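Take a look at the structure set out below.
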Amino acid sequence: MRTSWADSVANSAYETVVSDNNSLRRPTRSTYVPPHLRNRSAADTPNLSGPAPERTSFNGNAGVSQLSRSSMGGGGGTKPELGRQSQGYGYTGSGRGGGGCWNNRSGGWDRREREVNPFGDNDEADARGQAFNEQENLGINFDPYQDIPVETSGENVPPPVNTFAEIDLGELLDQNIRRCKYVKPTPVQRHAIPIVLGGRDLMACAQTGSGKTAAFCFPIISGIMREQYVQRPRIARTVYPLALILSPTRELSCQIHDEAKKFSYQTGVKVVVAYGGAPINQQVVVDLFRNMLYFAFIYANYSIILIELECKRERCLVLHKLLDIFSLEDVLRELERGVDILVATPGRLVDLLERARVSLQMIRYLALDEADRMLDMGFEPQIRKIVEQMDMPNRGMRQTMLFSATFPREIQRLASDFLSNYIFLAVGRVGSSTDLIVQRVEFVQESDKRSHLMDLLHAQRENGAHGKQALTLVFVETKKGADSLEHWLCINGFPATTIHGDRTQQERELALRSFKSGRTPILVATDVAARGLDIPHVAHVVNFDLPNDIDDYVHRIGRTGRAGKTGLATAFFNEGNLSLARPLTELMQEASQEVPAWLTRYASRVPYGGNKNRRYGGGRFGGRDFRREGSLGRNLDHYGGGGGNGGTAYGLPGNYGGGYASGVMSAWD
DNA sequence: AAAAAAT
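All residue numbers for the first sequence refer to the working numbering, where the first residue is 531 and numbers rise by one.
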């Protein structure tokens, strides 16, 4: 690592601060020194008597922040009490976001942020690598992942690394990796990080829960710290992120944001998340509560908690945080404080782009998580708009990373429009966290499903340890079905909650928290929860209704057996799922699972093809580079040279907007 | 056919 990097950050932050406002040097609360930075030699923090400096962001948007101060929190004029309250209170806009105290007594932007430590206390020893004991590692047990097959293709693939020490990610990032208790890189990290650090585009197929998020976050954060970017423009209220991470659900964006915050702690790299779902302006909500005496908070499991609400400002803020409201105003405010890495769902990002609050001109890194979902029928137009029709640099001018546990071939073909001379990486086989997830299929008629589920849950409760029920995630097909099953479970003595797209964002997040905490150890979910969500301790995934698509099945069962733990996946199969018989059988055989004889019979009876699963080319491997299959008459290896304007040259191909499936089918028929 | 994602 170039030691000059930290120095240059320190100096630049120092200079910026001093030139903007001399009064900063007066001791304030911001002279707090985080535990892991105490007792450091003076050389580590040159020119500063206080803590290691924290830049507002690499965006250098401090001036914009100042402008926005007057409109913050409803503004001092219109909401005087709240405005005053905010100053000393240090509440965070979203309750999950960047945090920070507002010390603006002097009226200027005397606002050096104190970054919330996402690791809690007590990380001093780990951060400095002292007393670190691999045996006591509380982190992920990655050993089961060590010998899974890895396949790469593409030109000049950088060799994998075996340890984090082999990669120069920078000292600050290394500290955060230690704080996360990551001992050694997972297979996807071993391969993907050198590829991205080497400046290459990447299409990566890897089981979720195996360290995917870190695999793209580490090189992005490291790259942003390393490079000297030209000063970003300061036009109106537009911000210019350097990296964009897109994901298909709000919860997943939130999760990625939380992780990215950990990785970027104290690095000065600013991460902001933007997603929708907050219909009410938070200010309206707060004003409303101030005039109420009681507020009934109805939990999904029908218990009602009454919160006495006096017209005290403190209570308003507590309530505010409790509700965890994340409105558009919150996003805009966060953005104005500067952003280097923007994590977003597509809808909200398009909104922000159209409002010209975000520009993609300076994007150096683009990551699509759950890329196959992002490019399916529902999302593809939005993604294409963001990547090809706004102001994002063309492929070749930016680095693009696509991650998913499954990569159907025609999705690969769509995705290649966004990539330049990319490397394909497949870690493990789809569905084969082999030894970690035990898959069972049971024949259950539609009408017997509820009682059968009840049997499973009773058995589980009896076997369970000390009355504490293991977390069970139940997937159903429809939103209505989710509500009705949840209700049925509750009245039958199984505390359950539900997450689906008809619930408000607050209800969704509350449900997720309630499930994670074990308060309601059963979560009934639609496919909104199928992908990417990292919920520790999910012991059992029940496919109450099987999906029509084998890839969805793969993603669903991936919610258990995560991070080196074992898991059980039970599927209820009946005549309604015939189209899944063959791919399911093949997948289970692939993963060395016991396939019931009756399912094999169904599979052999179903004529090959004749259903939509045929589009997968018969391969239950997500892990195959479609460029190697040669039958498409389009040699994508030539893409590299086209780099600069390739995106538009191939942009909006004839198959855009649908109809690609038939072409692909004929290609392998 | 359903689900998700902006207001």
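Glycine residues also receive a C-beta, built at the ideal position from the N, C-alpha and C atoms. Note that the structure is predicted; figures quoted are calculated from it, not measured.
Take residue i as the anchor and find which of the options has the nearest alpha-carbon.
i	options	result
V1200	L896, R980, I1080	For the chain, the structure presents residues 531 to 1199; residue 1200 sits outside this window and is missing.
E1007	A790, F1102, R709	F1102
R709	A1111, D1075, N1078, K792	K792
T1002	Q969, V1072, S950	V1072
S1134	E1159, L1108, V799, V1068	L1108
R867	R1112, G1097, V888	V888
G1023	P938, T768, D985	D985
L932	E789, A901, P679	A901
L702	I754, P724, T682	I754
N951	I941, G926, Q942, A935	G926
I953	P679, I707, P688	P688
T682	C735, T693, Q705	C735
L966	S752, H1067, A886	H1067
Q737	A790, V718, W1018	V718
V957	A745, E864, F973, I697	A745
V1004	N993, L987, R991, E992	L987
L1076	M904, Q975, V726	Q975
K1046	K711, I1029, M1118, Q1123	I1029
T743	P763, P715, L1015	P715
R1158	S934, Q942, L865	Q942
H493	I707, N706, F694, V713	With the chain represented from 531 up to 1199, any question about residue 493 goes unanswered, as that position is not in the structure.
At which residues does the alpha helix (DSSP H) containing residue i begin and terminate?
i	result
N993	979–993
I697	Neither: I697 is in no alpha helix (DSSP H) and is coded neither H nor E.
Q912	910–914
L858	858–866
E1037	1035–1046
Taking just the CA atoms, how far does residue j sit from residue i?
i	j	result
V646	Q796	10 Å
A766	I871	20 Å
L944	L776	16 Å
L1080	S740	Before going further, note that residue 1080 is Ile rather than Leu in the sequence given. Near 20 Å, if we compare the C-alpha coordinates of S740 and I1080.
V1084	A1055	15 Å
P771	M892	6 Å
V880	D899	17 Å
D731	R878	25 Å
Q969	G700	41 Å
C846	E1037	The pLDDT assigned to C846 is 45, lower than 50, so where the model puts this residue is not dependable, and the model offers no usable value.
R1112	M922	42 Å
A1060	D1155	24 Å
L890	G728	23 Å
T1115	H1070	20 Å
R1131	R939	28 Å
G1031	L882	22 Å
P763	A773	16 Å
K1009	Q785	23 Å
V803	T768	16 Å
Classify residue i as helix, strand or coil using the three-state DSSP reduction.
i	result
T1130	helix
T1115	helix
Y1083	helix
R1154	coil
V687	coil
N692	coil
C710	coil
H1067	coil
E1159	helix
T936	coil
L1076	coil
F649	coil
A744	helix
R720	helix
D574	In this prediction, D574 has a pLDDT of 36, which is less than 50 and means its spatial position is unreliable; what the coordinates show is noted afterwards. Three-state DSSP puts D574 in a helix.
I953	strand
M755	helix
V917	helix
R928	strand
V1058	helix
G1106	helix
R1092	coil
V769	strand
For the beta strand (DSSP E) containing residue i, list its first residue and its last residue.
i	result
Q969	967–973
V1136	Element bounds for V1136: n/a, residue is neither H nor E.
M733	732–736
Start-end ranges of the alpha helix (DSSP H) lying completely within the stretch 994–1029, minimum 4 residues
1009–1021
Sequence ranges, beta strand (DSSP E) only - wholly within the stretch 875–906, length at least 3:
895–898
Whole beta strand (DSSP E) runs in the stretch 773–799 with 3 or more residues, listed along the chain?
773–776
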